[in-house]
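S.K.: Under full-length UniProt numbering, the first residue of the sequence shown carries the number 1, and numbering increases by one thereafter. Every residue gets a Cβ at the ideal spot worked out from N, C-alpha and C, and that includes glycine. This structure is a prediction, so every number in the text was calculated from the model and none was measured.
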Amino acid sequence: MTTPEPVSFTTTEDALVLASVSSAVEADLVKSWLRRHRAEHPQTKIDVVELPARDAAPAALAQLVEQLEADEDRSVVPVRVFWMPRAGASALSRLAAVLPGRDPYHPNERQQRRIVHTEPSRVRVVAGESAKVSELRQQWRDQTVGDSPRDFAHFVTRRALLAMERAEYRILGPQYKSPRLVKPEILASARFRAGLEKIPGATLEEAGKMLDELATGWSRVSVDLVSVLGRLLSRGFDPDLDYDEYQIAAMRAALEAHPAVLLFSHRSYIDGAVVPVAMQENRLPPVHVFAGINLAFGVMGPLMRRSGVIFIRRSIDTALYKYVLKEYVGYVVEKRFNLSWSIEGTRSRTGKMLPPKLGLMSYVANAYLDGRADDILLQPVSISFDQLHEIAEYAAYARGGEKTPESFGWLYNFIKAQGERNYGKIYVRFPEAVSMRQYLGDPGGEVATDDAARRLALQKMAFEVAWRILRATPITATGLVSALLLTTRGLALTLDQLHHTLQDSLDYLDRKQTPVSTSALRLRTPEGVRAAVDALSNGHPITRVDGGREPVWRIAPEDEHAAAFYRNSVIHAFLETSIVELALSHVRRVDDDRLQAFWDQAMRLRDLLKFDFYFADSAAFRANIAEEMAWHGDWETRVAAGGDEIDAMLYAKRPLMAGSMLRVFFEAYEIVADVLRSAPAEIGDQDLTQVALGVGRQYVAQGRVRSSESVSTLLFATARQVAADQDLLQPADDLGDLMERRAAFRRELRDILRDINHVDKIARAQFVAREAERRQRDS
1 MTTPEPVSFT TTEDALVLAS VSSAVEADLV KSWLRRHRAE HPQTKIDVVE
51 LPARDAAPAA LAQLVEQLEA DEDRSVVPVR VFWMPRAGAS ALSRLAAVLP
101 GRDPYHPNER QQRRIVHTEP SRVRVVAGES AKVSELRQQW RDQTVGDSPR
151 DFAHFVTRRA LLAMERAEYR ILGPQYKSPR LVKPEILASA RFRAGLEKIP
201 GATLEEAGKM LDELATGWSR VSVDLVSVLG RLLSRGFDPD LDYDEYQIAA
251 MRAALEAHPA VLLFSHRSYI DGAVVPVAMQ ENRLPPVHVF AGINLAFGVM
301 GPLMRRSGVI FIRRSIDTAL YKYVLKEYVG YVVEKRFNLS WSIEGTRSRT
351 GKMLPPKLGL MSYVANAYLD GRADDILLQP VSISFDQLHE IAEYAAYARG
401 GEKTPESFGW LYNFIKAQGE RNYGKIYVRF PEAVSMRQYL GDPGGEVATD
451 DAARRLALQK MAFEVAWRIL RATPITATGL VSALLLTTRG LALTLDQLHH
501 TLQDSLDYLD RKQTPVSTSA LRLRTPEGVR AAVDALSNGH PITRVDGGRE
551 PVWRIAPEDE HAAAFYRNSV IHAFLETSIV ELALSHVRRV DDDRLQAFWD
601 QAMRLRDLLK FDFYFADSAA FRANIAEEMA WHGDWETRVA AGGDEIDAML
651 YAKRPLMAGS MLRVFFEAYE IVADVLRSAP AEIGDQDLTQ VALGVGRQYV
701 AQGRVRSSES VSTLLFATAR QVAADQDLLQ PADDLGDLME RRAAFRRELR
751 DILRDINHVD KIARAQFVAR EAERRQRDS
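The structure is reproduced here in structure tokens:
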């Protein structure tokens, strides 16, 4: 039998070797390894005992107990045989590894003999890091509630297994690092037991069941399969994910120093697969992704648990479950494993980022404040797409449809839809991480004891993560083209009209140094524009009209909700410049201090839109607006002059975006305000939405609202928040006063919509003038 190359066993002290063997082949390999070591260190006394399995007979455990009692100064060295997969395995062979008897990391005895004789490079005897019996006994006393020699033997067994796991993933690479023995480690912890005793009626058995529900881990086969399964879920996309290599390098260095929580933007079910694929492809430590337990249907639950998914209940409604979840998160972070979830909590069905959810983040913060890590990084992850097939589902939601429950049929249809056409590229960005220590201070500081200070710090951290995600998300051609065609209200544009109109937006993005996708960069050429609109044609969501002198493209009314998803994905890049336009248009109607009115209206618009969009803090927002205005020479004097000077500033501004970016939101707000004008003082959310849908459809039919896109349950949800923030949904002692305030709010929104109309009027004048210039050049 060929002897495999051993992993070095460096101790020269007397040692107790704990050998983990599963077959006669492995026993022979370990014996051969020991003979070599004894020959190299003839003065070292080495005793060997087989490492007891979890279900080992009492006699096996008794032998280990006896050996541990024999000598406190001996080093304990765990040893086992490590079987490696064949290098360069194909996707098919990696997929076959899930079949019984095909796991390359756990070959059967017949396969082991063949590997040893024909492929000895695939087998090694590995030794985990050694520790003295006395050191292990002190750790046992400090960390657990065990009080018998058998408890100590179980503790040593767990430490041995974990040490061998660490030795093996150092050979394989950090992408194979995954927590093991989580449940027995937590249940044996003195810390966990002490907290459990404070919960009335809590039992160790019930806590153990909850840990079983949460337990996860990347099996090595799953790590090998992650790219295969990720590609299956992302069929229809370019197989190569689009990364920023500098960001990858920076994140790799950061993850070497601290554990991290990867918080990703969420537009698709695919996102949960994209993050593990990105980590695996870049040889980064795997992440353990939180998901709703609604996805644990059928065999998907066990399969996904072995692929790093942690299923949590939708309702965290008991003190015991909250405690077990808190301790589970703390344990994983303490052991320097990485977690991941959507910072938005659920998929955004509008295309723009939702407000951050703080629940899980608070558990991680507790782990940091409890001193379980010297810092924890919140790593923003931006995931964006050229196209998504799910936008048809989102458009149905906007019109009042219901969510389809997850099931095998749902999963089959999802994967099938992914392969129906080419959806372009997936863009993954990892902007600079946010440090918990920076926001929370030292574990013993004010945030650790003051609940209000802690919540404020959590909110600031979460918003900073979301802000960095937005700033890193590349603008796509899909978003820009959809935004442009939505402004025409169903009218079609030629290729030349699309091309020359898009240049203003590209110039602005370039001036602001906004990241853009390759597809957006190609819009600089007519060929790139043609590729973009052709990719979106056939109702996805653009309609191409042929048969005339040249093809033209439009967005039909029935496709407006779908197109809006793409448009909304780029609004963040044009939000501040759109507010500038509306503040300028507002000042035209002011006779007093116009400069102050400009700033007041800019801040007011920011306040009204805060439930739909992320903004920089007030000081940074003002600085950004001032920077925009500085592009107009002597802008303060011109604003103070009012009238024609302001119109001249607007006409010279490129691009004018307020109508294309913000109209639908203010129209949705105005519809809700209109409903409130005659609604009871107290009206439920569902009733308000249903009435608003009916009124909105009427207004679309009458032309009082520009498009059906504004009539959306998704937009009405934030419109309700805006109304509540204006104190318009609370019962009042003076009903007349409440109704007057509701009417005043509606008038304010109508004034804003008039400002949008004015900006649109100037934008049309720009377009007409440019068309005239183009025709003159062509003639």
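Taking Val49 and Ala127 to be in contact with their CB atoms under 8 Å, please state how far apart those CB atoms are, rounded to whole angstroms.
M.R.: Position 49 of the sequence shown, counted from the start, is the residue given in the question as residue 49. Position 127 of the sequence shown, counted from the start, is the residue given in the question as residue 127. 15 Å between Cβ atoms; not a contact.
S.K.: Rounded to the nearest angstrom, how far is the Cβ of Asp612 from that of Lys352, given a contact under 8 Å?
M.R.: Residue mapping note: residue 612 aligns to position 612 of the sequence shown, counting from 1. Residue mapping note: residue 352 aligns to position 352 of the sequence shown, counting from 1. About 7 Å separates the two Cβ atoms, so the contact holds.
S.K.: If you scan the region 9-70 from start to end, which runs of the beta strand (DSSP E) of 3 or more residues do you find wholly inside it?
M.R.: Complete beta strand (DSSP E) runs here, min 3: 15-20 and 46-50.
S.K.: Quick check on the burial criterion: 16 or more other C-beta atoms within 10 angstroms. Buried or exposed for His288?
M.R.: The sequence position of residue 288 within the sequence shown is 288, counting from 1. So His288 counts as buried.
S.K.: Can at least three beta-carbon pairs, one atom from the region 255-268 and one from the region 333-349, be found at a separation below 8 Å?
M.R.: Touching, yes, given that three or more Cβ pairs across the two stretches are closer than 8 Å.
S.K.: Give, in chain order, every unbroken run of the alpha helix (DSSP H) that is at least 4 residues long and sits entirely within the UniProt domain "Phospholipid/glycerol acyltransferase" (260-386).
M.R.: List check, alpha helix (DSSP H) in window: 271-281, 300-305, 319-334 and 359-369.
S.K.: Report the rounded CA-to-CA distance for Ser428 versus Leu480, giving the unit in angstroms.
M.R.: By one-based count along the sequence shown, residue 428 stands at place 428. By one-based count along the sequence shown, residue 480 stands at place 480. The residue you asked about is not Ser; residue 428 is Val in the sequence shown. If you take the alpha carbons of Val428 and Leu480, they lie about 19 Å apart.
S.K.: Check the C-beta distance from Arg235 over to Gly419 and give it rounded, since I have them as a contact under 8 Å.
M.R.: Position 235 of the sequence shown, counting from 1, holds the residue named residue 235. Position 419 of the sequence shown, counting from 1, holds the residue named residue 419. Yes, Arg235 and Gly419 are in contact; Cβ-Cβ is about 4 Å, under 8 Å.
S.K.: Any chance the region 67-86 sits against the region 23-31, with 3 or more Cβ pairs inside 8 Å?
M.R.: Yes, the region 67-86 touches the region 23-31.
S.K.: Does DSSP classify Thr501 as helix, strand or coil?
M.R.: Here the question's residue 501 lines up with position 501 in the sequence shown. Here Thr501 sits in helix by DSSP.
S.K.: Please check the pair Leu440 and Val447, which I expect to be a contact at CB under 8 Å, by giving their CB distance rounded to whole angstroms.
M.R.: Locating residue 440 in the sequence shown gives position 440, where the first residue counts as 1. Locating residue 447 in the sequence shown gives position 447, where the first residue counts as 1. Going by Cβ atoms, the distance from Leu440 to Val447 rounds to 5 Å, so yes, they are a contact pair.
S.K.: If you follow the alpha helix (DSSP H) that Trp83 is part of, which residue opens it and which one closes it?
M.R.: Looking up residue 83 in the sequence shown gives position 83. Unbroken run through Trp83 is the beta strand (DSSP E), Ser75 to Trp83; no alpha helix (DSSP H).
S.K.: Measure the C-alpha to C-alpha separation of Tyr269 and Ile426 and round it to an integer number of angstroms.
M.R.: In the sequence shown, the residue the question calls residue 269 occupies position 269. In the sequence shown, the residue the question calls residue 426 occupies position 426. In a straight line, the C-alpha of Tyr269 is about 13 Å away from that of Ile426.
S.K.: In chain order, what residues of the same chain have a beta carbon less than 7 Å from the beta carbon of Val529, not counting five sequence neighbours either side?
M.R.: As a position in the sequence shown, residue 529 is number 529, starting the count at 1. For Val529, where only same-chain residues beyond five positions count, the Cβ hits under 7 Å are Leu495, Leu498, His499, Leu502 and Leu523.
S.K.: When you compare the CB positions of Pro276 and Pro286, do they come within less than 9 Å of one another, or not?
M.R.: To locate residue 276, count along the sequence shown from 1; it is residue 276. To locate residue 286, count along the sequence shown from 1; it is residue 286. Going by C-beta atoms, Pro276 is nearer than 9 Å to Pro286.
S.K.: Of all Cβ atoms in chain D, is any one closer than 9 Å to the Cβ of Glu334?
M.R.: Checking the listed chains, one finds no chain D in this structure; it contains a single protein chain.
S.K.: Measure the alpha-carbon distance for Leu595 versus Ser505 and round it to whole angstroms.
M.R.: Counting from 1 along the sequence shown, the entry for residue 595 is found at position 595. Counting from 1 along the sequence shown, the entry for residue 505 is found at position 505. Going by the C-alpha atoms only, they are around 27 Å apart.
S.K.: Which stretch, first to last residue, makes up the alpha helix (DSSP H) that contains Ala127?
M.R.: Residue 127 sits at position 127 when you count from the first residue of the sequence shown. Segment Val123 to Ala127 is the beta strand (DSSP E) holding Ala127; no alpha helix (DSSP H) there.
S.K.: Might you give, ordered along the chain, the residues of its own chain that have their beta carbon closer than 6 Å to the beta carbon of Met251, omitting 5 neighbours on each side?
M.R.: Within the sequence shown, residue 251 is the residue found at index 251, counting from 1. Counting only Cβ-Cβ distances below 6 Å, and skipping sequence neighbours, we find Phe430.
S.K.: With distances taken Cα to Cα, identify the nearest neighbour of Met461 among Phe665, Leu676 and Val261.
M.R.: Residue numbering aside, residue 461 sits at position 461 when the sequence shown is read from its first letter. Selected option, being the one with the closest Cα: Val261.
S.K.: By alpha-carbon positions, which one of Thr577, Val364, Lys326 and Val30 ends up nearest to Tyr508?
M.R.: For the purposes of this step, residue 508 is identified with residue 508 of the sequence shown, where counting begins at 1. Among Thr577, Val364, Lys326 and Val30, the Cα nearest to that of Tyr508 is on Thr577.
S.K.: Using 8 Å as the threshold, is the region 578-586 in touch with the region 550-567, meaning 3 or more CB pairs across them?
M.R.: The region 578-586, when compared against the region 550-567, does not touch it at the 8 Å Cβ threshold.
S.K.: Closer than 7 Å by C-beta to Thr2: which residues in its own chain qualify, once you throw out the five before and the five after it? Chain order, please.
M.R.: Here residue 2 refers to the residue found at position 2 of the sequence shown. Its pLDDT being 45, under 50, Thr2 is placed unreliably by the model, and the measurement read from it follows with that caveat. Once the five neighbours on either side are set aside, the close Cβ partners of Thr2 are Val116, His117 and Pro120.
S.K.: Going by C-alpha to C-alpha distance, which of Gly445, Leu16 and Val533 sits closest to Ser482?
M.R.: Residue mapping note: residue 482 aligns to position 482 of the sequence shown, counting from 1. The shortest Cα separation from Ser482 among Gly445, Leu16 and Val533 belongs to Val533.
S.K.: Please go through the same chain and pick out, in chain order, the residues whose beta-carbon is closer than 6 Å to the beta-carbon of Glu334, but skip the five residues on each side of it.
M.R.: To locate residue 334, count along the sequence shown from 1; it is residue 334. Cβ neighbours of Glu334 beyond the five flanking positions: Arg372.
S.K.: Ignoring anything shorter than 3 residues, give me the beta strand (DSSP E) runs that lie fully in the region 141-168, in order along the chain.
M.R.: Segments of the beta strand (DSSP E) lying fully in the region 141-168: there are none.
S.K.: Out of Gly547, Thr543 and His561, which has the shortest C-alpha to C-alpha gap to Trp553?
M.R.: Start at 1 with the first residue of the sequence shown, and residue 553 comes out as number 553. Checked all of Gly547, Thr543 and His561; the closest Cα to Trp553 is Thr543.
S.K.: Can you list, in chain order, the residues of its chain whose CB lies under 8 Å from that of Lys183, leaving out five sequence neighbours each side?
M.R.: As a position in the sequence shown, residue 183 is number 183, starting the count at 1. Excluding sequence neighbours, Lys183 sits near Gly208, Leu211, Asp212 and Ala215.
S.K.: Less than 6 Å between C-beta atoms, sequence neighbours within five positions excluded: which residues of the same chain meet that for Ala188?
M.R.: Taking the sequence shown and counting its residues from 1, the one referred to as residue 188 is at position 188. Once the five neighbours on either side are set aside, the close Cβ partners of Ala188 are Thr144.
S.K.: With the cut-off set at 9 Å, would you say Thr449 and His572 are in Cβ contact?
M.R.: Here the question's residue 449 lines up with position 449 in the sequence shown. Here the question's residue 572 lines up with position 572 in the sequence shown. No; because the gap between Cβ atoms is not below 9 Å, this pair is not in contact.
S.K.: Does the structure place the region 454-470 close enough to the region 367-384 that three or more beta carbon pairs sit under 8 Å?
M.R.: The region 367-384 vs the region 454-470: in contact.
S.K.: Looking at C-alpha atoms only, which residue of Pro443, Pro655, Ala253 and Lys322 is the closest neighbour of Lys512?
M.R.: Here residue 512 is taken as the residue at index 512 of the sequence shown, counted from 1. Out of Pro443, Pro655, Ala253 and Lys322, Pro655 has the C-alpha closest to the C-alpha of Lys512.
S.K.: Can you give the Cα-Cα distance for Gly292 and Phe414, rounded to whole angstroms?
M.R.: Within the sequence shown, the letter at position 292 stands for residue 292. Within the sequence shown, the letter at position 414 stands for residue 414. Those two C-alpha atoms are separated by around 18 Å.
S.K.: Cα separation between Phe716 and Ala658?
M.R.: Position 716 of the sequence shown, counted from the start, is the residue given in the question as residue 716. Position 658 of the sequence shown, counted from the start, is the residue given in the question as residue 658. Between Phe716 and Ala658, the C-alpha separation is close to 20 Å.
S.K.: Just the Cα atoms here: how many angstroms apart are Leu51 and Pro58?
M.R.: The residue you call residue 51 lines up with position 51 of the sequence shown. The residue you call residue 58 lines up with position 58 of the sequence shown. Computed Cα separation, rounded: 12 Å.
S.K.: Checking the sheet assignment: what are the DSSP bridge partners for Leu493?
M.R.: By 1-based counting over the sequence shown, the position of residue 493 is 493. Leu493 is bridged to Trp553.
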